[in-house]
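A.B. asks:
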Amino acid sequence: MIIVVSPEATPEEIGHIVARIEETGRQAHLSEGTERRIIGVIGPDAPELQDMFESMAHVESVHRVTKPYKLVSREFRGGPSVIDIGRGVTVGGNELAVMAGPCSIEDEDHIVNTAIAVKAAGANILRGGAFKPRSSPYAFRGLGEEALRHLATARKVTGLPVITELMSIRDIDAVAEYADVIQIGARNMQNFILLDEVGKQRKPVMLKRGMSGQIEEWLLAAEYILAQGNPNVILCERGIRTFETAYRNTFDINAIPLVKELSHLPIIADPSHGTGKHQLVAPIAMAAVAAGADGLMIEVHPSPDHALSDGAQSLTHESFAGMMRSVAGIASAVGRSLSGVEASAAAR
Ligand code: PEP
Ligand code: MN
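Heads up, the sequence shown stops at 619 in this note's numbering, and the numbers go up one at a time, no gaps.
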């Protein structure tokens, strides 16, 4: 249930409403938007409570949310959330967020040089994997904490905020210390204990869709994080597994406008993992922005042939810069901006 509180209510008056919610054995989640103040009532639905809350002072209206997820539902905020990730960067506003960098951090020069290149091309967030989920235990699994230190160096050199994946609770303190955004990868979308833990801290979290995650399962996974008190969640569509084997995953473009309709959380598109093929990355990036994505996650490597992971889907520094110019054209056509990038027609 969602309670819309009158804009004039004082903190004390809101406190009364919260206390009444808690007396019923339910939890109250206060959300202070720019236009509305809302209290989410979490617990079993009971129609009689609607009348009771409606009769309370300073309550403007009460709405029952029939969806299984509550705090992530669009109704809960009535408009899109903008997540502040620090260093002057937000996700979910008019400006697109572009997270770019290598799949995995290979050494300090590698991440610093890539950071300089992606920043010059217009990226505003640096990505890089330190703890890598790999299908084979014999594949390169990342440099771990050493990579986190290299990422911090790249942030210092460029000023770009950084995102990196957390795979296990074991590493949460180290990752939270270095990252501006914590990534939860596709393979951990339903690792509920991990979701609880990132919900208990306040760093923004980007939750990738599981490779066979349904939209409702994905939104319920995000609900775990919000239910623990962390409202700073960004979703990321990264392709799903289908019968098609011509590419690594099938990028589910439908998810973007649907998630926007169902949830207030911002959504990022990852056409690198969504396709697995470098030549498909730019067209799918453009399609995702046209469909309403709030930003992109793109894998970039100075020499994709030599990448220790995901070379086949990585863009070179030059092709990333070209993609950004093509995306800028689409962004302006749909009323979004990509500052510092001059638009050009897509290469054919
Ligand atoms: C990644 O971003 O490098 C990654 C492993 O992504 P996903 O979890 O989507 O496979
Ligand atoms: Mn990767």
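C-beta atoms are modelled at their ideal positions from N, C-alpha and C, and glycine is treated no differently.
None of the values given here were measured: they were computed from a predicted structure.
Secondary structure at Thr-516, three-state DSSP: helix, strand or coil?
C.D. replies: Coil, per DSSP.
A.B. asks: Does the beta-carbon distance from Val-433 to Asp-451 come in below 7 angstroms?
C.D. replies: It is a contact, given that the beta carbons lie within the stated cut-off.
A.B. asks: Can you give the Cα-Cα distance for Gly-363 and Ala-371, rounded to whole angstroms?
C.D. replies: Roughly 17 angstroms between the two C-alpha positions.
A.B. asks: Confirm the yes/no value for this check: CB of Asp-380, any heavy atom of the ligand MN, distance under 6 angstroms.
C.D. replies: No, the beta carbon of Asp-380 sits no closer than 6 angstroms to any heavy atom of the ligand MN.
A.B. asks: May I have the straight-line CA-CA distance separating Arg-473 from Pro-502, to the nearest angstrom?
C.D. replies: One C-alpha to the other measures close to 8 angstroms.
A.B. asks: Can you give the Cα-Cα distance for Asn-520 and Arg-509, rounded to whole angstroms?
C.D. replies: Cα to Cα, the separation comes out at about 8 angstroms.
A.B. asks: Cα separation between Leu-367 and His-544?
C.D. replies: Cα to Cα, the separation comes out at about 19 angstroms.
A.B. asks: Could you check the C-alpha separation between Val-244 and Val-369 for me, to the nearest Å?
C.D. replies: No answer is possible for residue 244: the residues shown for the chain start at 272 and end at 619.
A.B. asks: Return the CA-CA distance between Ala-418 and Leu-431, expressed in angstroms with no decimal places.
C.D. replies: For Ala-418 and Leu-431, the distance between alpha carbons rounds to 16 angstroms.
A.B. asks: Residues around the ligand MN, please: the ones whose beta-carbon is closer than 5 angstroms to some heavy atom of it, in chain order.
C.D. replies: Taking each Cβ in turn, the ones that pass are Cys-374 and Asp-581.
A.B. asks: Look at the alpha carbon of Glu-382 and the alpha carbon of Pro-373, and state the distance between them as a whole number of angstroms.
C.D. replies: Here residue 382 turns out to be Ile, not Glu, going by the sequence shown. Roughly 7 angstroms between the two C-alpha positions.
A.B. asks: Once DSSP output is grouped into helix, strand and coil, what is the label at Glu-436?
C.D. replies: Looking at Glu-436 - three-state DSSP - the assignment turns out to be strand.
A.B. asks: Mind the definition here: the segment 313-321 touches the segment 286-299 only if three or more C-beta pairs lie below 8 angstroms; say whether that holds.
C.D. replies: Yes, they touch.
A.B. asks: His-577: buried (16+ other C-beta within 10 angstroms of its C-beta) or exposed?
C.D. replies: Classification for His-577: exposed.
A.B. asks: Between the C-alpha atoms of Pro-351 and Asp-565, what's the straight-line distance to the nearest angstrom?
C.D. replies: Between Pro-351 and Asp-565, the C-alpha separation is close to 10 angstroms.
A.B. asks: Spatial neighbours of Ser-483 within its chain, please: CB distance less than 6 angstroms, with the 5 preceding and 5 following residues excluded, ordered by chain position.
C.D. replies: If we look at Ser-483 and ignore the five residues flanking it on each side, its Cβ neighbours are Arg-512.
A.B. asks: For His-588, which residues in the same chain have their Cβ closer than 8 angstroms to its Cβ, ignoring the five residues on either side in sequence?
C.D. replies: So the qualifying residues of the chain are Thr-385, Ala-388, Val-389, Ala-392, Val-571 and Pro-573.
A.B. asks: Do you know offhand how far Glu-487's Cα is from Leu-466's?
C.D. replies: The alpha-carbon atoms of Glu-487 and Leu-466 are separated by roughly 16 angstroms.
A.B. asks: Under three-state DSSP, which class holds His-381?
C.D. replies: Helix, per DSSP.
A.B. asks: Confirm, please, whether the CB-CB distance from Ile-273 to Phe-324 is below 7 angstroms.
C.D. replies: Cβ distance not < 7 angstroms, so Phe-324 and Ile-273 don't count as in contact.
A.B. asks: Report whether the distance from the Cβ of His-620 to the nearest heavy atom of the ligand PEP is below 6 angstroms.
C.D. replies: Within the shown structure, residues of the chain are numbered from 272 to 619, placing residue 620 beyond reach of any answer.
A.B. asks: Which runs of the alpha helix (DSSP H) at least 4 residues long sit entirely within the segment 428-475? Give them in chain order.
C.D. replies: Those alpha helix (DSSP H) runs which fall completely within the segment 428-475 and span 4+ residues are 443-449 and 463-471.
A.B. asks: To the nearest angstrom, how far is the alpha carbon of Ala-592 from that of Ala-553?
C.D. replies: Going from the Cα of Ala-592 to the Cα of Ala-553 covers about 10 angstroms.
A.B. asks: How far does the beta strand (DSSP E) with Met-568 in it extend, from its first residue to its last?
C.D. replies: First-last of the beta strand (DSSP E) with Met-568: 566-570.
A.B. asks: Tell me which residues share the same chain as Ala-447 and place their Cβ nearer than 6 angstroms to its Cβ, disregarding the 5 neighbours each side in the sequence.
C.D. replies: Once the five neighbours on either side are set aside, the close Cβ partners of Ala-447 are Gln-472 and Lys-474.
A.B. asks: For the alpha helix (DSSP H) that contains Arg-348, what are its first and last residues?
C.D. replies: Looking at the DSSP string, the run of the alpha helix (DSSP H) that includes Arg-348 is 345-348.
A.B. asks: When every heavy atom of the ligand PEP is checked, does at least one fall within less than 6 angstroms of the C-beta of His-544?
C.D. replies: It does: the Cβ of His-544 is within 6 angstroms (strictly closer) of some heavy atom of the ligand PEP.
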